[in-house]
Each structure stands twice: as C-alpha cells, then as structure tokens.
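The structure appears below as structure tokens.
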C-alpha cells in the first residue's frame, strides 16, 4: 500500500517552498513560519473507505490568542467569513484562539490536482492570517498569535510566498475562467444526479438533498423544505481577488437571529477538525440576506479554475448539506 499522506506532506513542503531553517518536520506534517504566525499541516493515517485508502488533511494558521468572548467573536468572524475564499476563520472558545483553516480528504485518484488546490489554499490562508491578525485581535479583545521557530528564533523578513496572492488577484482581472460552455453543461449533470436545477454560461442554481430530495416547487406550504439551495455565480467578483466562482449554499432552516453566528462558528469548528468527510474550502456564516438563515460561502479564484470544476463544487456542497443535516437535526 502506498501511503498517499506521506507523499502529500513532501509535496506540500516543496510546493510551499518551505526553508528547513523555518520549519519543524513531523512524520505526517510540519509547522513553519512564513513570518510571524505559525502554519500547521497535518495528514491523518490511511483509512480504508469503500474501495480505496484515504487520508484526511488539515491545514491551519494561528491568527489570534487570548480572545475575549464578551466581544462576540462569532459575530465578528461571521461578517469576515461571508467573503471567504477557500478558508474559514474559526473561534475556539475553549482555547480562546482564532485560527484560519481548510481541510480535505485525499486519495491517489485526486492527488495530482488536489495537492495543488491545497497548496494554493495554504498560501491564501497564510497571507490572509498575517494581513488581518491585528485587526481581528483588536475586534476580539485578543492579541496576534505571533510565535517564533524553536531554534531559529524570530524570522527577520517575511517569505516571498506571502506575496503570491497578488498573482492570484492579477489573474482575477480577466473574465471568470469558470464561465462558458462548461457551466452550461451542468444541466445534463443535474439530470444525471437527479436534482432540480438550471445552468447557463454565467452560473447555476440547484437544489441539493438536505433531509430529502423533494424539490421545493412540489412541497406544500406547511411542510418543511427538504433541500438546500446552491448557487454558483461567475459574475460576482471578490473584492480582493476579482473574478472566479462565488459558491453560496443556504440551508432550509430557520435559526434564532442571535444564534446564527454561533451556529456558523460551531459548524466551522467541527469541519476544521476534518470530521465532515468533505473538503472545507470556504466557511459557514450568517446569510447576509437573512437574519435567520445559515449559509456556506466560498470564492474559488480564477487561478483554481483549471484544478477544479463546477461538478466538483456541487458534489462537495452536496456532501456538506447532508453532513449539516446530521449535525443540526440528527
């Protein structure tokens, strides 16, 4: 058996161009300092799942420590997470910390492209953590979670890799690479998948199973909706990274307005530990258009268009919707 997890550790170490001087290696991961904040990579051991071995992947960067719960950190992060790219900000009340996280499940068949998606997510995560640590610390009554390498000490200059988001933003100036015939062809995918939906060259809307598969159009007014609403937009640019694909999933639940941000943070916390069985590329947050709706938002920049597809985006959200139903309804 080939341990795909060990291969991924080496692959990410090389793709991130980590200097040994600023890293601490472990058998199934590493911690490194691109500047002031530590980023951690952990790969779980191979586990047999259905017909293959899989490994769970967790990547997170320390952002804030000594968080004051009286500042309502979940509400603060909910606003920021509404514009998430492929990571989630997570408040851990038990440790009084805020981290920026992404997760995935990897196996041999998807290693080639998923390893590249993970390296891009790691770079975006690290850069974002450094850029907003001070602001989040001030808003949440904490301090930036700065730390140093145990033997090399404080890194005097930041790694050039933290400038890579500028390249991603430059590619975002071009029209969305997700738009076009590939998006239009999602209509056939919906038919094969057995879900209600429609797509054109600029995006798609579909209903994915939550507690059931019955479309909203045939549910009586007194019944509980069974499907989550998933939309992908290629004409909604990100304020920092320009064009790409905005992914928004809304659950058919009504939550007390004062609890939505807390529920969103709890969902991010659970997923950040790799227990959802799907990739955490994005974040749970309060629906900006409703005070009682829980949403999942993700922005996939143009630079990842050749490494993923609308089909994958729909499949991941389908898995997430079912996981959310188990967590929130049981």
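Numbering (the numbering used here), first residue to last: 15 to 344.
We put the CB at the ideal spot given by N, CA and C, even for glycine.
field: Buried versus exposed call for residue 108 [16 or more other C-beta atoms within 10 Å across all chains shown]
entry: exposed
message: Using only the alpha-carbon positions, how far apart do residue 244 and residue 206 sit?
response: 17 Å
field: Rounded straight-line distance, which links the Cα of residue 309 to that of residue 210
entry: 19 Å
task: Could you work out which residue in 302, 291, 341 is closest to residue 63 when comparing CA atoms only?
output: 291
query: In its own chain, which residues sit with a C-beta less than 8 Å from the C-beta of residue 226, not counting the 5 before and 5 after it?
result: 240, 241
task: Give me the Cβ distance between residue 336 and residue 263, rounded to the nearest whole Å; I'm assuming they're in contact under 8 Å.
output: Contact flag wrong, Cβ pair sits at about 12 Å.
- prompt: Shortest alpha-carbon distance to residue 279 belongs to which of 146, 223, 343, 111?
  reply: 111
- prompt: Just the Cα atoms here: how many angstroms apart are residue 294 and residue 147?
  reply: 21 Å
- prompt: Once you ignore the five residues that flank residue 236 on each side, which residues in its own chain have a CB closer than 8 Å to its CB?
  reply: Low local confidence applies: a pLDDT of 46 at residue 236 is under 50, so the model's placement there is unreliable, with the coordinate-based value given in what follows. Hits under 8 Å: none found.
query: Which residue from 260, 297, 287, 256 puts its Cα closest to that of residue 275?
result: 297
query: Whose CA, out of 323, 299, 344, lies closest to the CA of residue 88?
result: 299
Rounded Cβ spacing between residue 163 and residue 74 (contact assumed at less than 8 Å): With 8 Å as the limit, residue 163 and residue 74 do not qualify as a contact, their Cβ atoms being about 18 Å apart.
- prompt: Can you tell me whether DSSP reads residue 322 as helix, strand or coil?
  reply: coil
message: Please report the straight-line C-alpha distance between residue 31 and residue 103, rounded to a whole angstrom.
response: 24 Å
message: If you follow the alpha helix (DSSP H) that residue 297 is in, where does it begin and where does it stop?
response: Looking at the DSSP string, residue 297 is not in any alpha helix (DSSP H); the run it does join, the beta strand (DSSP E), is 297-300.
- prompt: By Cβ distance, which residues of its chain are closer than 6 Å to residue 140, with the 5 residues on each side in sequence left out?
  reply: 48, 53, 75
- request: Starting from the N-terminal side, write out each stretch of the beta strand (DSSP E) that is 3 residues or longer and does not extend beyond the segment 242-286.
  value: 258-264
- prompt: Looking at residue 60 and the ligand ATP, is the gap between the Cβ and the nearest heavy atom below 7 Å?
  reply: With respect to the ligand ATP, the structure shown offers nothing to examine, as it has no ligands at all.
message: Would residue 314 and residue 261 qualify as a contact pair, given that the criterion is a beta-carbon distance under 8 Å?
response: yes
query: To which residues of the same chain is residue 195 closer than 8 Å at the C-beta, ignoring the five residues directly before and after it?
result: 215
field: Residue closest to residue 58, alpha-carbon to alpha-carbon, out of 50, 40, 51
entry: 40
- prompt: For residue 185 versus residue 317, is the C-beta spacing smaller than 8 Å?
  reply: yes
- prompt: Between residue 93 and the rest of its own chain, which residues show a CB-CB distance below 7 Å, the 5 nearest in sequence each way excluded?
  reply: none
Bounding residues of the alpha helix (DSSP H) (the contiguous stretch that carries residue 87): 87-95
- prompt: Are the Cβ atoms of residue 258 and residue 192 separated by less than 8 Å?
  reply: yes
task: Return the first residue and the last residue of the beta strand (DSSP E) that residue 178 is part of.
output: Counting along the chain, residue 178 falls outside any beta strand (DSSP E), and DSSP gives it neither H nor E.
message: My output table needs one value for residue 84: the three-state DSSP class, helix, strand or coil.
response: helix
- prompt: Is residue 42 closer than 8 Å to residue 23 when the C-beta atoms are compared?
  reply: yes
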